[in-house]
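**Q** To start, I am sharing the structure in question, which I have written as structure tokens.
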Amino acid sequence: MKIWLAVLALLAALPAQALAFSFSEEAGKDAAQRQAKQAEISALLSEPCRKSIKGQTIALLIAEKQQGLMNVNASNQGVLFEALYSRLRAIGLSTIPQQAITARIARAEAEAILNNDPDAALAASKRLGAAFILKGIISARSGANKMVKANEVSVDIILTLSDGSGRTVSQVRASGQSWAGSDVTGAALSVLDDQADTLVAKLYSDFCARGKK
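Start counting the sequence shown at 364; every next residue gets the next number (the numbering used here).
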């Protein structure tokens with residue numbers, strides 16, 4: 364308590380101009396970072412994209428990696444699917460709704476695709492009418508942070524875009540932490556909300572650049 368009183372007394376003794384300058388400086392840094400991020404996204408989305416490429420359909424599959432195995436749970440991961448699906452649609456890419464995917468391919472087949480089974484990927488692509496498959500793999504570690512005495516989840520998200528033959532077109536990664544206890548989906552959504560626009564823009568740039576080759 365005495366320490367906090369001393370800190371408050373020190374802050375009160377500082378000139379108002381010094382405090383105002385500090386807050387203004389931090390606000391300026393945040394604004395600069397936001398502008399730089401938006402400039403990067405705009406540059407990536409400016410990649411010329413031929414109609415013959417842009418119109419090809421992409422199937423999105425998401426799973427959580429647990430002890431080396433893929434866990435596909437559409438009910439838990441629907442919010443993650445929507446976070447990516449809506450952004451892909453917003454930039455004009457053709458994607459398949461989650462309901463159509465779950466109706467046409469079995470869970471075991473989806474897990475085989477996410478485990479890099481080329482035969483399963485080819486069969487599913489034909490059944491879905493998809494020229495590309497975008498795989499989202501979520502890895503997470505949860506535990507107690509002793510410094511703040513709270514549970515945290517560290518999340519790593521890898522998005523891999525592959526064509527019908529299984530060749531990788533693009534791969535992007537996002538990492539972050541969340542005070543979500545043991546809620547992996549919530550932590551992953553927090554990371555996506557912060558980084559998905561940049562990730563999707565990078566995928567778009569690589570996807571469209573493929574049409575030049």
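We treat Cβ as the ideally placed atom computed from N, Cα and C, and that holds for glycine.
Predicted model, so just to flag it, every value in this text is computed and none were measured.
Kindly give me the distance between the Cβ atoms of Thr523 and Lys489, rounded to whole angstroms, as I take these residues to be in contact under 8 Å.
**A** Between Lys489 and Thr523 the Cβ distance is about 20 Å, and since that is not below 8 Å, they are no contact.
**Q** What does the Cβ neighbour count give for Lys565, buried or exposed, with the cut at 16 atoms within 10 Å?
**A** Buried: at least 16 other Cβ atoms inside 10 Å.
**Q** Leaving out five residues before and five after Pro460 in sequence, what residues of the same chain have Cβ atoms less than 7 Å from its Cβ?
**A** Taken in chain order, the list of residues that qualify is empty.
**Q** Look at the alpha carbon of Arg467 and the alpha carbon of Ile404, and state the distance between them as a whole number of angstroms.
**A** When rounded, the distance between both Cα atoms is 34 Å.
**Q** Tell me the DSSP secondary structure of Asp557 in three-state form.
**A** DSSP places Asp557 in helix when its eight states are reduced to three.
**Q** Can you give me the C-alpha to C-alpha distance between Pro411 and Gly549, rounded to a whole angstrom?
**A** Those two C-alpha atoms are separated by around 35 Å.
**Q** Keeping to the same chain, check which residues put their C-beta closer than 7 Å to that of Asp557; ignore five residues upstream and five downstream.
**A** Closer than 7 Å at the Cβ level, and outside the excluded window around Asp557, lie Gly539.
**Q** Quick one, which of Ala484, Asp393, Ile520, Gln401 has its alpha-carbon nearest Ile421's?
**A** Of the candidates Ala484, Asp393, Ile520, Gln401, the one whose C-alpha sits nearest the C-alpha of Ile421 is Ala484.
**Q** For a test of the three-state rule: what should DSSP assign to Arg470, helix, strand or coil?
**A** Correct three-state label for Arg470: helix.
**Q** Count the other CB atoms, across all protein chains shown, that sit within 10 Å of the CB of Ser525; report buried if there are 16 or more and exposed otherwise.
**A** Buried is the call here.
**Q** Quick one: grab the DSSP three-state call for Thr573.
**A** Per the sequence shown, the amino acid found at residue 573 is Arg instead of Thr. In this structure, Arg573 counts as helix in the three-state DSSP scheme.
**Q** To which residues does DSSP link Asn478 through a beta bridge?
**A** In the DSSP output, where bridge partners are listed per residue, Asn478 has none listed.
**Q** Please determine whether the Cβ atom of Arg450 lies at a distance below 8 Å from any heavy atom of the ligand SAH.
**A** The ligand SAH is not part of the structure shown, which contains no ligands of any sort.
**Q** Which partner residues of Ile496 appear in the DSSP bridge assignment?
**A** Ile496 pairs with Ala422, Ser525.
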